[in-house]
Every structure is written in structure tokens, then in C-alpha cells.
Amino acid sequence: MSDRIAPEWPLAAAMLEDLAQRGFTRRHFFRIATLLGAGAALPFGSEHALAQLSNVGQLPDDAVKINANEFPEGPSEQALAALAEVAKKGNRYQYPATDALVVTAAELEGLEPNNFAVYPGSSLALHHAVVALTSPTRALIVATPGYEAAALAAELIGATVVRVPLRKDGAHDLAAMLKAAKRQPTGVIYVCNPNNPTGTVTPRADIEKLIAAKPAGSVVVIDEAYIHFSDEPPASDLIRAGKDVVVLRTFSKVYGMAGLRAGFAIARPDLLKRVAAWNAGAMPVTAMAAAHAMLRDPELVPARKRRNADRRAALMHFLEQHGFTYTPSVSNKLMVDARMPTQQVIDGLKQRKIYVGRPWPVWPTHVRVSIGTEDEMARFQAAFLEVTSATASGRR
Ligand code: PLP
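Here my numbering is used: the first residue of the sequence shown is 61, the next is one more, and so on.
Listed below in C-alpha cells is the structure:
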């Protein structure tokens, strides 16, 4: 084993003490272990769903996979070269590669290295934020429809979850979320900006108001998995200003590294320590090398953002031409109202080897479509018209 095992090894005595003080009982400990990956074989229904929200199994070779908001391009040429080089020394932990990635990220964000904890993607960081900051006596407030992982994790460990509908314009209703947060002791207010599944923005001014007015002791977790696709300001400056904010970032989307796995939790050092105390182990060096190479390329994100925006505009144009309404997305996916039950659309598209997002039952006729390549979008469009018109005319 590594000689860098953190003294805060999960579920060690000090952590059990911390959990007990926050209202967790022994009954919850197994569930926390499950959430953190130690209990993959334990019989909790939702842990499977937690880890695999977008897992649709093995797909045919000619499938159009626009179900998981992945970017259609993978790591850049430079990233692949760096990855291949570092893989030759894959027998070594290579902690300095992770440290170097953090130094570069901190410089780019105008923050300090001790504001960053590195993760294999951001899912685990989100779970750690939930375990560290919510409890059976501290609620989680989320928007709906939204990215469900935080709520599923909180419910699994016995925290109350309050779901607040998005505003009509697709923004989080932060005024209503604030009200909800004041109704009981609250640990986390989760803001996904831009939101998944809608791709919609929550204005920065509203987020600042929320932070100023939120109950003492609560933390605003801002999930910026899709921030690079939008023109929204990242929340790094809120961390610089010392706010009670945890920002989550991932390399799974615009950087095309969903399978390689890299991400960050970013926060004030004292707050980050609480979250990342649950983290353990070295990061995959291949992911560190690829992520670092792409962070150092100033052209990469703007170019990918432009290509995504062009394909998104084309999709919106197509939907308008055919009379479908959709969410005003600034991201790499949108929700379209298919005017028929979501699952029927998913199934009809699947028969045509087109794989779109899972259903969000609060919006029972909407389908989430990720932005793929031009060819993939053309195949989606043809199939979508077939499926929706076939059902509308009762010919299915
Ligand atoms: N946060 C949001 C809003 C997401 O949509 C996703 C994945 O789709 C994640 C976090 C987790 O992604 P990953 O664990 O690949 O970083």
C-alpha cells in the first residue's frame, strides 16, 4: 500500500465520532460506506443507480450515443501523447503529476493550490460533499428537474431532501430554495450551473444573493460540470472571496475524458478539508497527464465551445421548424417537449439505435438530447420525426 495513506482514512475513529455528532447512527454507517464505494455488493437499491445514472449497457457499433452529455471528441492529440508517455511509468504512483495539475489549475483560476482537491471525475466529489455537509439533521435543497446524484446520495445516507421546481425560464428558483433552506437546518443548497438536464442558466446575481442570505452553517455547492459551454462567469472568485461555496468541476464533458476520469472539488481550505477528508488514494496518472495537457492549451475550450454551440443552434433550428419547444440551453444538451410520454420516445429512438437521456418524471413528455456530431444529430432528427409522428397518428 501507499505510504501516503491519509490520517483521515474513511470511517476511522475520528470520522465515526464526527458522524455521530452530526446525527448519524450505526444504521447509517453501512450506507455511507456503500456511497463511498466500499459496499458495492451491499443490498441498497439506489447505489447502483447512483453510480450509473446514464448506463445503458453495451450499445451496437453504429449506435448514436447522445444520452450522457459526453463530448463527441476525445482528448486532444497533445493529451493523448502525454497520456501514452506517462503510461510507460504506470507502475509508479506519481503524486507530483497530480500536484502539477493543481498548480496549473490554480494559476488559471486565480486561486491557490490548497483550494483544490483532485478526484477521478466529479461524482465522487459530489458524494463526499453530501456526506461531509448533510446528515439526518441537515437537509439538502435541490432543483427539479436537476442532476439527481446529490439527492440520491443524501437520501441513501438519511438526509432530508427538498426538491424545488425550476423557474419557468429554466433558472434555479433560488428565492424558493432559500425559503426551503430556512424551514429546517440545512447542510447544502445544490446549484447546477448550467443545469443538467435542461442546459439552462441560473443568473450569477441570484447566486450571490443566495450566498448572502443563506442560513449560517449551510454551504452552496455549485456544480460547474458544463460551465465551459456557456458564457457564464465561473464561481472561482466566490471562493477567493472566502464564501461558503464548494465548486465542482469535471474533465468528463468539454475535455472529452468521461472514461479517463478527472475532476476537482474547489473551496476555501478549511471547507475543502471537510469534504476531501473522505477522499483516498492516488489519481490515475493517465488522466492527470491528459487533463494537464488540455488545461495548458488555451485554444481547446473556446474551439470546442464554438463547435458545440453551432450544432446546438442547428438542433434548435430543426426543433423550431417542426414546432417543438425546448429549454433555452447554453450547454451541450437540451430538453425537448416531445408531446408524448418520454419513455415511448426513448424506446422508439432506441429501436432506431439512437440513445437519448433517461426520463425525468417531473417533466413527463420531455426528452434530454445531448449534442453529438453533425452526422449523429442528423440521424437523431430523422428518427425523432419518425417516432413522434408515428405515435401522434396512432400508427405505432
Ligand atoms: N455533475 C453533473 C451536473 C453531471 O451532469 C455529471 C455527469 O453527467 C457529473 C456531475 C458527474 O460526472 P463525472 O463523475 O463524470 O465527473
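We put the beta carbon where it would ideally sit given N, CA and C, even for glycine. Just so you know, these numbers come straight off a predicted model, no measurement behind them.
Going by Cα to Cα distance, which pick from M437, W423, P180 and A231 is closest to G341? The shortest Cα separation from G341 among M437, W423, P180 and A231 belongs to P180.
Who's in the neighbourhood of the ligand PLP, going by beta-carbon under 5 angstroms from any heavy atom, listed in chain order? That query returns the following residues: G181, S182, S183, Y207, C252, N256, D283, A285, T310, S312 and G323.
Report buried or exposed for Y351, applying the criterion of at least 16 other Cβ atoms within 10 angstroms of its Cβ. The question names Tyr, but residue 351 in the sequence shown is Ala. Using a 10 angstroms sphere on the CB of A351, the tally of other CB atoms reaches 16 or more, which defines it as buried.
Please confirm if the segment 287-307 is in contact with the segment 141-154, defined as three or more CB-CB distances below 8 angstroms between the two stretches. No: fewer than three Cβ pairs fall under 8 angstroms.
Distance between G170 and T258 (C-alpha atoms, nearest Å): In a straight line, the C-alpha of T258 is about 29 angstroms away from that of G170.
When burial is assigned at 16 or more other CB atoms within 10 Å of the CB, is H382 buried or exposed? Exposed: under 16 other Cβ atoms inside 10 Å.
Stretch pair the segment 225-238 + the segment 281-288: three plus CB contacts closer than 8 angstroms: Taking a cut-off of 8 angstroms for Cβ pairs, the segment 225-238 and the segment 281-288 do not touch, as fewer than three such pairs fall below it.
Between the alpha carbons of A203 and H288, how many angstroms are there, rounded? Their Cα atoms are separated by approximately 21 angstroms.
Based on DSSP bridge pairs, tell me the residues matched to F90. Within the DSSP bridge table, the entry for F90 names no partner.
Quick one: Cα of Y415 to Cα of R264, how far? Roughly 33 angstroms between the two C-alpha positions.
Please report whether the beta-carbon of R428 lies at a distance below 9 angstroms from any beta-carbon of chain D. This model lacks chain D altogether; it includes just one protein chain.
With a threshold of 6 angstroms on Cβ separation, who are the neighbours of A318 within its own chain once the five nearest residues in sequence on each side are excluded? Once the five neighbours on either side are set aside, the close Cβ partners of A318 are E130 and S312.
For S312, the three-state DSSP class (helix, strand or coil): Three-state DSSP puts S312 in coil, outside helix and strand.
Identify every residue that forms a DSSP beta bridge with R223. Per DSSP, V202.
Taking contact to mean 3 or more Cβ pairs, one atom from each stretch, closer than 8 angstroms, check whether the segment 250-257 and the segment 199-215 are in contact. Two segments are said to touch when three or more pairs of C-beta atoms, one from each, lie closer than 8 angstroms; by this definition the segment 250-257 touches the segment 199-215.
Taking the beta carbon of L119 as the centre, do at least 16 other beta carbons fall within 10 Å, making it buried, or is it exposed? With fewer than 16 other Cβ atoms within 10 Å, it is exposed.
Which class does M400 belong to by DSSP, given the choice of helix, strand or coil? The answer is coil: DSSP assigns M400 none of H, G, I, E or B.
Where M317 falls: helix, strand or coil (DSSP): The answer is coil: DSSP assigns M317 none of H, G, I, E or B.
State the Cα-Cα distance for the pair K410 and S114, rounded to the nearest angstrom. For the pair K410 and S114, the Cα-to-Cα distance works out to about 14 angstroms.
Going by beta-carbon coordinates alone, are A219 and A199 separated by less than 9 angstroms? Their beta carbons are under 9 angstroms apart, which means A219 touches A199 by this criterion.
Restricting to runs no shorter than 4 residues, where is the alpha helix (DSSP H) found entirely within the segment 251-280? Fully enclosed alpha helix (DSSP H) runs of 4 or longer: 264-273.
With distances taken between CB atoms, is the gap from V261 to V405 smaller than 9 angstroms? Result no, Cβ atoms of V261 and V405 do not sit closer than 9 angstroms.
With a Cβ-Cβ cutoff of 9 angstroms, do R91 and T197 count as a contact? Not closer than 9 angstroms, so no.
Can you tell which of S195, V163 and A276 has the C-alpha that lies nearest to the C-alpha of K303? Checking every option, the nearest Cα to that of K303 belongs to A276.
Element boundaries [alpha helix (DSSP H), containing F378]: Annotation for F378: the continuous alpha helix (DSSP H) segment containing it runs L360 to Q381.
For D229, count neighbouring Cβ atoms within 10 angstroms of its own Cβ and tell me buried if that reaches 16, exposed if not. D229 is exposed by the Cβ-count criterion.
Using 8 angstroms as the Cβ pair cut-off and three pairs as the minimum, do the segment 151-166 and the segment 438-452 touch? Contact fails: fewer than three Cβ-Cβ distances are below 8 angstroms.
Close beta carbons around K211, own chain, < 6 angstroms, minus the five adjacent residues each side: The residue you asked about is not Lys; residue 211 is Ala in the sequence shown. V202 and V221, listed in sequence order.
Taking contact to mean 3 or more Cβ pairs, one atom from each stretch, closer than 8 angstroms, check whether the segment 321-339 and the segment 133-143 are in contact. With the cut-off at 8 angstroms, the segment 321-339 and the segment 133-143 do not touch.
With a threshold of 16 other CB atoms inside 10 Å of the CB of H426, please say whether the residue is buried or exposed. Answer is buried; the Cβ neighbour count reaches 16.
For P293, count the other beta carbons within 10 Å of its own beta carbon; 16 or more makes it buried, fewer makes it exposed. Which is it? A residue is called buried once 16 or more other Cβ atoms fall within 10 Å of its Cβ, and P293, having fewer, is exposed.
Below 8 angstroms on the Cβ atoms is my guess for A194 versus A214; work out the distance and round it to an integer in Å. Residue identity differs from the one stated: residue 194 is Thr in this sequence, not Ala. About 5 angstroms separates the CB atoms of T194 and A214; that is less than 8 angstroms, so the two are in contact.
Go ahead and label L79 buried or exposed: buried means 16 or more other beta carbons lie within 10 angstroms of its beta carbon, across all protein chains shown. Per the 10 Å Cβ criterion, buried.
Can you tell me which of T385, A72 and V124 puts its alpha carbon nearest to the alpha carbon of K413? Out of T385, A72 and V124, the CA that lies nearest to the CA of K413 is found in V124.
Return the CA-CA distance between L270 and Y207, expressed in angstroms with no decimal places. Taking the straight line from one Cα to the other gives about 20 angstroms.
T310, buried or exposed, once every other Cβ within 10 Å from all chains shown has been counted against 16: Burial call: buried.
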